[in-house]
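Protein chains in written order, with the UniProt record's numbering: chain D, 1 to 229; chain Z, 1 to 229.
For glycine and all other residues, C-beta sits at the position ideal for the given N, C-alpha and C.
To start, the structure itself, in structure tokens.
Number of protein chains: 2
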Amino acid sequence: MISTIDTVLLRIADNELQVLLWQRPQDSRAYPDAWALPGGWVSEEQDQTLELATCRILEQKAGLKPDYIEQVATIGNRTRDPDGWSMTVLHLALIRFSCSESTQTNTRWISVDAVRNKALTLAFDHAELLDKALERLSTKARYSTLPLYLAEQELKLPELQRIYEVVLGNPLHKRAFRERILSAEVLEDTGIRIQGRGSPATIYRYQPDCAVRLFDRMMQGAMGESISE
Amino acid sequence: MISTIDTVLLRIADNELQVLLWQRPQDSRAYPDAWALPGGWVSEEQDQTLELATCRILEQKAGLKPDYIEQVATIGNRTRDPDGWSMTVLHLALIRFSCSESTQTNTRWISVDAVRNKALTLAFDHAELLDKALERLSTKARYSTLPLYLAEQELKLPELQRIYEVVLGNPLHKRAFRERILSAEVLEDTGIRIQGRGSPATIYRYQPDCAVRLFDRMMQGAMGESISE
Numbered sequence: 001m002i003s004t005i006d007t008v009l010l011r012i013a014d015n016e017l018q019v020l021l022w023q024r025p026q027d028s029r030a031y032p033d034a035w036a037l038p039g040g041w042v043s044e045e046q047d048q049t050l051e052l053a054t055c056r057i058l059e060q061k062a063g064l065k066p067d068y069i070e071q072v073a074t075i076g077n078r079t080r081d082p083d084g085w086s087m088t089v090l091h092l093a094l095i096r097f098s099c100s101e102s103t104q105t106n107t108r109w110i111s112v113d114a115v116r117n118k119a120l121t122l123a124f125d126h127a128e129l130l131d132k133a134l135e136r137l138s139t140k141a142r143y144s145t146l147p148l149y150l151a152e153q154e155l156k157l158p159e160l161q162r163i164y165e166v167v168l169g170n171p172l173h174k175r176a177f178r179e180r181i182l183s184a185e186v187l188e189d190t191g192i193r194i195q196g197r198g199s200p201a202t203i204y205r206y207q208p209d210c211a212v213r214l215f216d217r218m219m220q221g222a223m224g225e226s227i228s229e
Numbered sequence: 001m002i003s004t005i006d007t008v009l010l011r012i013a014d015n016e017l018q019v020l021l022w023q024r025p026q027d028s029r030a031y032p033d034a035w036a037l038p039g040g041w042v043s044e045e046q047d048q049t050l051e052l053a054t055c056r057i058l059e060q061k062a063g064l065k066p067d068y069i070e071q072v073a074t075i076g077n078r079t080r081d082p083d084g085w086s087m088t089v090l091h092l093a094l095i096r097f098s099c100s101e102s103t104q105t106n107t108r109w110i111s112v113d114a115v116r117n118k119a120l121t122l123a124f125d126h127a128e129l130l131d132k133a134l135e136r137l138s139t140k141a142r143y144s145t146l147p148l149y150l151a152e153q154e155l156k157l158p159e160l161q162r163i164y165e166v167v168l169g170n171p172l173h174k175r176a177f178r179e180r181i182l183s184a185e186v187l188e189d190t191g192i193r194i195q196g197r198g199s200p201a202t203i204y205r206y207q208p209d210c211a212v213r214l215f216d217r218m219m220q221g222a223m224g225e226s227i228s229e
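Right under this line is the structure:
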């Protein structure tokens, strides 16, 4: 049985979701030169646990250590790998833009929409794995603070709202969004106010090791017709 | 690498959650005679996919076909099996009481509380696996219709409320509970009314293949101080 780990690592840049891809070597047995999710085999010698294996592989392939990683699902069947029965433990990882520069040369960030529109074809069943991880993210964005891990640690609420809107693919009402985020009690007011055109904007901060909190009210109740300011 | 599947199969009986356990054979290499979650190895010959393997193993070990099965997590490390590096794909399955009689002699339903209170010790890390699956169920009960799969297909709302209360470990306000469940639109009014002490109770029905729906408002807003009627 082939047992691997694959990770969908996401960031927000230019107001869009981007996924980190890794180019397979020219001499790969299957899918040479193709773009793929960063992944690899569990090593019985090197890895104590599946979690440590995931971090090791992500660091080796992408040179990155995201603050947030979660398992999405394990996909196993007879057809996904030309070499036979294969299982992969799929992960979703989020990273803030300022920490997302990969140290590896054979990686690139690409817009999720470009992959979905087949502008680029991924190896194996990785396009399906990407869809599964994106679905997990957008579902959790409806009822939790998870998308916070795509934001910088010091942020203004309109920036965070924009991240939620990108993840949900939907505009949100400003006041309803604020109510949900602030009542989740993960943002700390820094006391800093930035004067813009209108009233001063508050700078908030979150801790990178903060737990993902659930909202009392789902985000879909905050979805509106037009983008808020 | 040892790759297995384990399932936490739950039902509600006598107003408590019960888990189906399977007794390991006397000649087992590890944990002989011990009680364990029903589980087994993926068979590259017999199983096309992980999903089919899960159903096959549950049917062989427990003789049961629940309407609802979902993956919870894959747990893998060097210490969980005395034979070395081992991975298990953990599943949560729900079954309604009327379909829950196992055809196998080496199985039994036992109260989840009894396992948690160590009245019975499970093999391997199965007590931890049980906790993980229970946490998934109680989290999802806060924002979705998932516990419906523990109910009979024809039901009264107070019965369903009691199921939620058992799963959440908390009493719920009758009116707030009803608002959430009915607005999720998974229950069909059969038109049948049962006359009891007070006003007649409506009999609802759900389809066993209905999707799990998310609520607009989380269930914790419905949590009260005292058990409703």
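Give me the subset of the region 113-140 of chain Z whose CB atoms are less than 9 angstroms from a CB atom of chain D, sorted by chain position. Thr139
Based on Cα-Cα distance, which residue from D:Asn15, D:Asp81, D:Ile95, D:Thr103 lies nearest to threonine 7 (chain D)? D:Ile95
Cβ of arginine 56 (chain D) less than 9 angstroms from any chain Z Cβ? no
What are the boundary residues of the beta strand (DSSP E) that arginine 108 (chain Z) is part of? 107-111
Rounding to the nearest angstrom, what Cα-Cα distance links arginine 215 (chain D) and phenylalanine 177 (chain Z) in this structure? The question names arginine, yet the displayed sequence has phenylalanine at residue 215 (chain D). The alpha-carbon atoms of phenylalanine 215 (chain D) and phenylalanine 177 (chain Z) are separated by roughly 17 angstroms.
On the three-state DSSP scale, how would you describe glutamate 225 (chain D)? Because glutamate 225 (chain D) sits at a pLDDT of 46, beneath the cut-off of 50, its placement in the model cannot be relied upon, and the point is left open.
Assign leucine 182 (chain Z) to one of three DSSP states: helix, strand, or coil. helix
Name the residue from Z:Ser86, Z:Arg80, Z:Arg205, Z:Asp113 whose alpha carbon lies nearest to the alpha carbon of methionine 1 (chain Z). Residue Z:Ser86 is the option with its Cα nearest to methionine 1 (chain Z).
Over what stretch of residues does the beta strand (DSSP E) that includes isoleucine 5 (chain D) continue unbroken? 2-13
Under three-state DSSP, which class holds leucine 37 (chain Z)? Note: leucine 37 (chain Z) maps to coil in three-state DSSP.
Any 3 or more C-beta pairs closer than 8 angstroms across the region 128-143 of chain Z and the region 89-104 of chain Z: yes
Could you tell me the distance, in whole angstroms, from the CA atom of leucine 20 (chain Z) to the CA atom of alanine 73 (chain D)? 23 angstroms
Starting from glutamate 16 (chain D) and walking both ways along the beta strand (DSSP E), at which residues does that stretch end? 16-23
Got a sec: is the Cβ-Cβ distance from phenylalanine 215 (chain D) to anything in chain Z below 9 angstroms? Chain Z, which has a Cβ nearer than 9 angstroms to the Cβ of phenylalanine 215 (chain D), makes this yes.
Taking only beta-carbon positions, decide if valine 186 (chain Z) is within less than 9 angstroms of chain D. no
With 16 other Cβ atoms within 10 Å as the buried cut-off, status of alanine 30 (chain Z): exposed
Which value, in whole angstroms, describes the spacing of the CA atoms of glutamine 26 (chain Z) and leucine 122 (chain Z)? 15 angstroms
Give every residue of the same chain whose Cβ lies closer than 6 angstroms to the Cβ of glycine 76 (chain D), excluding the five residues on either side of it in the sequence, and list them in chain order. Excluding sequence neighbours, glycine 76 (chain D) sits near Met87.
Would you say glutamate 107 (chain Z) and glycine 63 (chain Z) are within 9 angstroms of each other, going by their C-beta atoms? Position check: residue 107 (chain Z) holds threonine in this sequence, whereas glutamate was assumed. Contact flag set, yes.
Kindly say whether glutamate 44 (chain Z), judged by its beta-carbon, lies nearer than 9 angstroms to any beta-carbon of chain D. Closer than 9 angstroms: yes.
9 angstroms Cβ cutoff met for tyrosine 149 (chain D) and proline 66 (chain D): Their beta carbons are under 9 angstroms apart, which means tyrosine 149 (chain D) touches proline 66 (chain D) by this criterion.
Option nearest glutamate 101 (chain Z) by Cα separation, candidates Z:Gln46, Z:Ile69, Z:Arg11, Z:Val212: Z:Arg11
Chain D partners of tryptophan 85 (chain Z), CB-CB under 7 angstroms? Glu44
Alpha-carbon spacing of valine 212 (chain Z) relative to glutamate 45 (chain Z), whole angstroms: Approximately 32 angstroms, taken between the alpha carbons.
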